[in-house]
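Q:
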Amino acid sequence: MVVKQIIITLIVCLILTLVLEEVTALIVGVRKCFDLTVILFSNLLTNPVVVFSGILLASFTKIPRPVYVIVLELAAFITEALIYRKLLFTKKPSPFLLSLILNSVSFFAGTTLSSLILGLLF
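Residue 72 in the numbering used here is what sits at position 52 of the sequence shown, and the numbering runs on without skipping anything.
1. Please state the DSSP three-state secondary structure of residue 109.
2. Can you give me the Cβ contacts of residue 125 inside the same chain, cut-off strictly under 8 angstroms, excluding the 5 residues immediately before and after it?
3. For residue 87 and residue 94, I'd like the C-alpha separation in whole angstroms.
4. Residue range of the alpha helix (DSSP H) that residue 32 falls in?
5. Residue 96 and residue 116: beta carbons closer than 8 angstroms?
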């Protein structure tokens, strides 16, 4: 992957994640502006790290994709859940359940959508 493709991939994945997780948070009952902002900034922290690490692992190691995807996604889930537990005013659903829901939606929908979008771009 060349630098331009990496940057586009990072941007597309981040935008998809932000939109999907914010909308999903609203659907599950997160209403406070502060809480939605915490979710947004949590994703700004974790998403680029997960996506870029995945690109590096795919490019420079022989680790099977399912292995590093599971590890990276678990790290994002736990990191975000801990941030939510510490900072969110919303307590229902619980921070860990909220993180699980948001990450599941963005992972499955994002994987499908980013494949389509990036397939069109490259």
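Note that beta-carbon positions come from the ideal geometry of N, C-alpha and C, so glycine has one too.
A: Taking the coordinates as given:
1. Coil at residue 109, not helix or strand.
2. Excluding positions up to five away in sequence, the list reads 40, 41 and 44.
3. C-alpha of residue 87 to C-alpha of residue 94: approximately 11 angstroms in a straight line.
4. Element bounds for residue 32: 23-47.
5. Taking 8 angstroms as the Cβ cut-off, residue 96 and residue 116 do not qualify as a contacting pair.
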